[in-house]
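Protein chains: 2
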Amino acid sequence: MKSYKQLKSEKRRVAVVGTGQTKFEARIPDKTYYELALEAAMMAMSDAGITLGNIDSVVYGIYNDLFERQIMPDTYVHDYLGMYGKPGIRITTGGATGGYAFRSGYSEVASGLADITLVIGVEKAQDCYDWAQGKTTPEVIKSIAYSADMTWEFPLGTSAASSYAILASAHIKKYGTTEEQAALVSVKNHGNAIKNPFAQSPMKITVDDVMQSRMISHPFKMLDCSLYTEGAYALVLMSEEKARESGVKDPVWVMGIGSSNDKSFTGSRTVNDRMGKYGDIADLRNHYESAALAYRMAGVQNPGKSVDVAELHDAFSFTEIQAYEAMGFCERGMGGKFIEEGVPMMDGDLPVSPSGGLLGAGHAVGATGVMQIGEVVNQLRNRAGERQVEINRGIGLAHSIGGPGSSYCSVSVLGVD
Amino acid sequence: MKSYKQLKSEKRRVAVVGTGQTKFEARIPDKTYYELALEAAMMAMSDAGITLGNIDSVVYGIYNDLFERQIMPDTYVHDYLGMYGKPGIRITTGGATGGYAFRSGYSEVASGLADITLVIGVEKAQDCYDWAQGKTTPEVIKSIAYSADMTWEFPLGTSAASSYAILASAHIKKYGTTEEQAALVSVKNHGNAIKNPFAQSPMKITVDDVMQSRMISHPFKMLDCSLYTEGAYALVLMSEEKARESGVKDPVWVMGIGSSNDKSFTGSRTVNDRMGKYGDIADLRNHYESAALAYRMAGVQNPGKSVDVAELHDAFSFTEIQAYEAMGFCERGMGGKFIEEGVPMMDGDLPVSPSGGLLGAGHAVGATGVMQIGEVVNQLRNRAGERQVEINRGIGLAHSIGGPGSSYCSVSVLGVD
Numbered sequence: 000m001k002s003y004k005q006l007k008s009e010k011r012r013v014a015v016v017g018t019g020q021t022k023f024e025a026r027i028p029d030k031t032y033y034e035l036a037l038e039a040a041m042m043a044m045s046d047a048g049i050t051l052g053n054i055d056s057v058v059y060g061i062y063n064d065l066f067e068r069q070i071m072p073d074t075y076v077h078d079y080l081g082m083y084g085k086p087g088i089r090i091t092t093g094g095a096t097g098g099y100a101f102r103s104g105y106s107e108v109a110s111g112l113a114d115i116t117l118v119i120g121v122e123k124a125q126d127c128y129d130w131a132q133g134k135t136t137p138e139v140i141k142s143i144a145y146s147a148d149m150t151w152e153f154p155l156g157t158s159a160a161s162s163y164a165i166l167a168s169a170h171i172k173k174y175g176t177t178e179e180q181a182a183l184v185s186v187k188n189h190g191n192a193i194k195n196p197f198a199q200s201p202m203k204i205t206v207d208d209v210m211q212s213r214m215i216s217h218p219f220k221m222l223d224c225s226l227y228t229e230g231a232y233a234l235v236l237m238s239e240e241k242a243r244e245s246g247v248k249d250p251v252w253v254m255g256i257g258s259s260n261d262k263s264f265t266g267s268r269t270v271n272d273r274m275g276k277y278g279d280i281a282d283l284r285n286h287y288e289s290a291a292l293a294y295r296m297a298g299v300q301n302p303g304k305s306v307d308v309a310e311l312h313d314a315f316s317f318t319e320i321q322a323y324e325a326m327g328f329c330e331r332g333m334g335g336k337f338i339e340e341g342v343p344m345m346d347g348d349l350p351v352s353p354s355g356g357l358l359g360a361g362h363a364v365g366a367t368g369v370m371q372i373g374e375v376v377n378q379l380r381n382r383a384g385e386r387q388v389e390i391n392r393g394i395g396l397a398h399s400i401g402g403p404g405s406s407y408c409s410v411s412v413l414g415v416d
Numbered sequence: 000m001k002s003y004k005q006l007k008s009e010k011r012r013v014a015v016v017g018t019g020q021t022k023f024e025a026r027i028p029d030k031t032y033y034e035l036a037l038e039a040a041m042m043a044m045s046d047a048g049i050t051l052g053n054i055d056s057v058v059y060g061i062y063n064d065l066f067e068r069q070i071m072p073d074t075y076v077h078d079y080l081g082m083y084g085k086p087g088i089r090i091t092t093g094g095a096t097g098g099y100a101f102r103s104g105y106s107e108v109a110s111g112l113a114d115i116t117l118v119i120g121v122e123k124a125q126d127c128y129d130w131a132q133g134k135t136t137p138e139v140i141k142s143i144a145y146s147a148d149m150t151w152e153f154p155l156g157t158s159a160a161s162s163y164a165i166l167a168s169a170h171i172k173k174y175g176t177t178e179e180q181a182a183l184v185s186v187k188n189h190g191n192a193i194k195n196p197f198a199q200s201p202m203k204i205t206v207d208d209v210m211q212s213r214m215i216s217h218p219f220k221m222l223d224c225s226l227y228t229e230g231a232y233a234l235v236l237m238s239e240e241k242a243r244e245s246g247v248k249d250p251v252w253v254m255g256i257g258s259s260n261d262k263s264f265t266g267s268r269t270v271n272d273r274m275g276k277y278g279d280i281a282d283l284r285n286h287y288e289s290a291a292l293a294y295r296m297a298g299v300q301n302p303g304k305s306v307d308v309a310e311l312h313d314a315f316s317f318t319e320i321q322a323y324e325a326m327g328f329c330e331r332g333m334g335g336k337f338i339e340e341g342v343p344m345m346d347g348d349l350p351v352s353p354s355g356g357l358l359g360a361g362h363a364v365g366a367t368g369v370m371q372i373g374e375v376v377n378q379l380r381n382r383a384g385e386r387q388v389e390i391n392r393g394i395g396l397a398h399s400i401g402g403p404g405s406s407y408c409s410v411s412v413l414g415v416d
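Chains as they are written, first to last, in numbering that gives the first Met the number 0: chain A, 0 to 416; chain B, 0 to 416.
Take a look at the structure:
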């Protein structure tokens with residue numbers, strides 16, 4: 000792996016130079032997924048000061064073929080965007096789709112195959128609407144459950160919530176993390192979302208509200224869980240050479256990317272394996288590995304002291320606590336205490352998920368990881384409006400996970416000179 | 000885009016250093032898709048002289064979630080291979096899945112994110128078996144048909160065969176290409192497959208056999224069409240630095256990659272658009288564009304005189320004729336004559352699809368494009384056994400297409416020093 004220092008000295012860096020997004024909402028029945036993608040892409044290209052003709056390739060983050068009952072949905076977005084004549088690929092790694100799409104966008108540019116690449120995450124579940132009742136149907140949950148191994152685990156009723164609940168329960172047992180500590184994550188993120196005009200679930204709530212919300216999958220109550228969301232987010236990536244040529248004023252550099260796919264069965268095989276040198280199932284092995292890889296590439300030694308702002312994956316509140324530890328923001332097992340002490344709050348030393356995260360801003364699955372990176376980019380550019388945090392060292396981090404028991408994890412470290 | 004010449008001078012080339020595959024068969028009921036992938040991967044790693052621990056990342060080519068009723072199938076292959084701790088992504092671009100997976104594998108290494116990347120294409124349709132009758136069911140065709148736009152074209156009965164048949168019909172009308180000329184492609188490729196021990200459909204047939212086989216979708220008869228196939232193919236890619244370090248004896252360099260996604264609707268919008276400067280629907284615009292990009296990167300001026308051997312996508316016989324033209328092996332409209340004159344025959348000046356192609360070797364969708372590149376690699380290394388063609392200039396080409404009306408096209412140019 001090439002280090003950021005080496006890439007910088009060779010002027011082979013990749014910058015994020017534009018962001019754009021639609022509103023994140025429970026359902027956007029009057030727009031197709033093509034239209035959502037176009038809306039986000041137009042905004043990102045305008046931010047980057049480029050037009051369609053400047054783009055060399057596109058990476059699409061689109062999660063699930065069953066939501067639209069459409070295989071190869073990316074080919075229809077590509078057509079609608081008028082991108083024909085350019086290559087486009089699609090990444091589909093569950094909740095981590097956006098993070099891995101960004102990683103592939105990075106490699107498009109860093110490899111020299113493209114000078115400018117557009118990364119678009121888009122999420123829509125048209126085929127899962129109950130038009131008569133005006134709401135999204137349980138088909139969404141069923142389509143997500145198809146991520147469990149269809150031979151061994153789907154028949155047992157494994158779902159997204161239950162596989163993450165197993166991981167959270169192990170953390171409670173091993174480290175004494177409390178449900179109240181996890182509830183603080185929900186309070187923080189729903190609260191942060193109030194200052195994000197694109198957010199789905201801005202709410203001023205209390206720990207009691209979370210504790211008293213209905214049980215979903217122990218220890219997750221309703222307010223511990225993110226909701227299904229529709230929407231799109233786009234980023235423009237440029238080579239250093241092209242960014243200089245184009246006179247980009249505030250490029251945000253990709254300093255490090257680290258990704259690791261864990262074992263996929265949440266059943267006994269995974270548990271046994273996780274009992275090895277990487278700690279047990281309470282410690283998310285591939286989250287630690289991804290962070291280590293990303294920090295090594297970026298040359299970050301002490302993340303807790305170097306990172307100004309982070310967006311961590313909080314599909315479930317407990318997961319953010321586990322991520323504080325895996326990202327090296329605090330010691331193992333101290334994630335609960337970390338939020339009790341206020342460190343990840345908006346006025347804390349290391350604000351986490353100023354966007355509102357998945358709980359507050361919404362979990363538009365294919366777009367989520369792209370949104371998280373876009374938020375970090377805008378924070379580092381000091382363009383986050385009312386929710387701007389203080390940037391001192393110029394380094395931010397985005398953490399994108401997904402798949403059965405979070406088998407996918409990609410960590411991106413971004414920075415300004 | 001960086002040129003091959005520039006990459007070579009900077010020692011930033013990427014080499015293919017190992018190939019491996021399973022048998023391609025109509026159905027392999029006793030093996031899961033995990034097992035097929037592992038079999039191909041072990042063979043490719045052994046060829047490359049490496050083990051699991053040397054691999055930095057994996058790119059999976061897996062076509063269709065509906066065949067196994069499993070979203071994110073790559074995460075299960077990754078686990079089974081013991082690749083946990085490493086990143087893995089999946090590419091899914093229809094029939095072009097293998098070609099685009101190779102392109103992403105290239106960018107993994109060329110970007111510096113990985114030194115060694117494994118590219119595995121695997122195809123299986125377990126969920127489409129009729130176990131009682133012992134054969135694959137029409138569910139396969141239905142799952143493929145979900146590639147047509149579900150709002151506008153699926154309801155009209157658009158299928159893989161019918162969308163390519165429209166393109167072939169236009170070629171007949173514009174250039175006078177005959178069904179007998181297309182039948183020659185089928186005769187050649189089924190014949191070539193006789194010397195490929197991994198092939199699904201080795202057959203000595205005549206033009207008459209093709210003409211008299213039953214009609215599928217005019218002008219395609221049964222023997223003009225490739226069959227659905229199960230199987231896997233794997234490639235090991237290495238950075239130039241790593242290949243030198245590892246003492247690889249006969250690296251095959253990636254000289255050029257060109258990819259272009261066309262408009263996706265085979266309906267009137269596409270036809271109208273194709274009436275513009277890129278020629279009409281008879282000329283496959285994105286095939287021309289991909290070839291031009293790949294040749295520009297590779298520095299190939301006169302492909303008809305430079306290329307020793309090619310694997311062209313022949314899901315349908317006519318498509319190979321259209322590809323002769325788009326790849327610049329002959330003039331526009333002269334594809335039919337090109338095969339009549341014997342140029343692409345095994346003993347001709349530019350042998351095409353010595354593997355047997357999709358018609359003869361089989362169309363294991365996710366694996367097909369990977370197989371085509373592997374065949375070119377082995378031809379260039381003079382390791383193609385009984386089907387070895389003469390290598391003079393040391394340059395080969397693989398052409399991978401897919402999606403509705405071949406909306407995806409990726410061309411890879413490979414070479415030896």
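Glycine included, every Cβ here is placed at the ideal spot set by N, Cα and C.
- The Cβ of N53/A sits no closer than 8 Å to any Cβ of chain B.
- Between the alpha carbons of A293/A and L222/A lies a gap of roughly 31 Å.
- Using a Cβ distance threshold of 8 Å, I54/A and I115/A count as a contacting pair.
- T228/A is the residue among G332/A, T228/A, S238/A and N377/A whose C-alpha sits nearest the C-alpha of C127/A.
- Using a Cβ distance threshold of 8 Å, M254/B and G414/B count as a contacting pair.
- Where V251/B is concerned, the enclosing beta strand (DSSP E) starts and stops at V251 to N260.
- If you look at L117/A, you'll find it in the beta strand (DSSP E) that goes I115 to E122.
- The Cβ-Cβ distance between Y407/A and A281/A does not fall below 8 Å.
- Here F328/A carries a coil assignment [DSSP, helix/strand/coil].
- At least 8 Å separates the beta-carbon of N377/B from that of T74/B.
- Boundaries of the alpha helix (DSSP H) around Y294/A: R284 to A297.
- Residues A290, Y294, M326, G327, F328 and L396 of the same chain have their beta carbon placed closer than 8 Å to that of P302/A, with the five preceding and five following residues left out of the count.
- Of the residues Y33/B, G81/B, T91/B and L51/B, the one whose Cα lies closest to the Cα of I61/A is T91/B.
- At a cut-off of 8 Å, the C-beta of M71/B has a neighbouring C-beta in chain A.
- When the Cα atoms are used, V369/B and L51/B turn out to be separated by approximately 20 Å.
- Taking the beta carbon of N377/A as reference, no residue of chain B falls within 7 Å; the closest one sits roughly 25 Å away.
- Close CB contacts of M214/A within its chain, under the 7 Å cut and outside five residues either way in sequence, are with K220 (chain order).
- A direct Cα-Cα distance of roughly 6 Å separates S316/A from S185/A.
- Residue pairing for R243/B: DSSP places it in no beta bridge.
- What Y105/B touches in chain A, judged by beta-carbon distance under 8 Å, is S110 and L112, going in chain order.
- For Q20/A, the enclosing beta strand (DSSP E) starts and ends at V13 to Q20.
- Burial state of R243/B is exposed, judged by a 10 Å Cβ sphere holding fewer than 16 other Cβ atoms.
- Non-local beta-carbon contacts of F153/B in its own chain, meaning distances under 8 Å to residues more than five positions away in sequence, involve A144, Y145 and A147 in chain order.
- Look at the beta carbons and you see the stretch 226 to 240 of chain B touching the stretch 9 to 26 of chain B: at least three pairs across the two are nearer than 8 Å.
- Cβ-Cβ distances below 7 Å link R386/B to N191, K194, N195 and P353 in the same chain, with the five nearest sequence neighbours on each side left out; the list follows chain order.
- For the C-beta of F101/B, not a single chain A residue is nearer than 7 Å; the gap to the nearest is close to 11 Å.
- Counting the other CB atoms within 10 Å of its CB gives A169/B a total of 16 or more, which places it among the buried residues.
- Rounded to the nearest angstrom, the gap between the Cα atoms of A109/A and S216/B is 44 Å.
- The beta carbons of H77/B and N285/A sit about 11 Å from each other, so the pair does not count as a contact at 8 Å.
- Under a criterion of Cβ atoms nearer than 7 Å, the residues of chain B adjacent to K262/A are, in order, D78 and Y83.
- According to DSSP, residue pairing for C224/B in a beta bridge involves F315/B.
- Using a Cβ-Cβ cut-off of 8 Å, K1/B counts as an interface residue toward chain A, since at least one Cβ of chain A sits closer than that to its own.
- When Cβ-Cβ separations below 8 Å define contact, D282/A makes no contact with chain B.
- Counted as a single uninterrupted DSSP element, the alpha helix (DSSP H) harbouring A164/A occupies residues A159 to Y174.
- Checking the DSSP bridge columns, you'll see K85/B partnered with N260/A.
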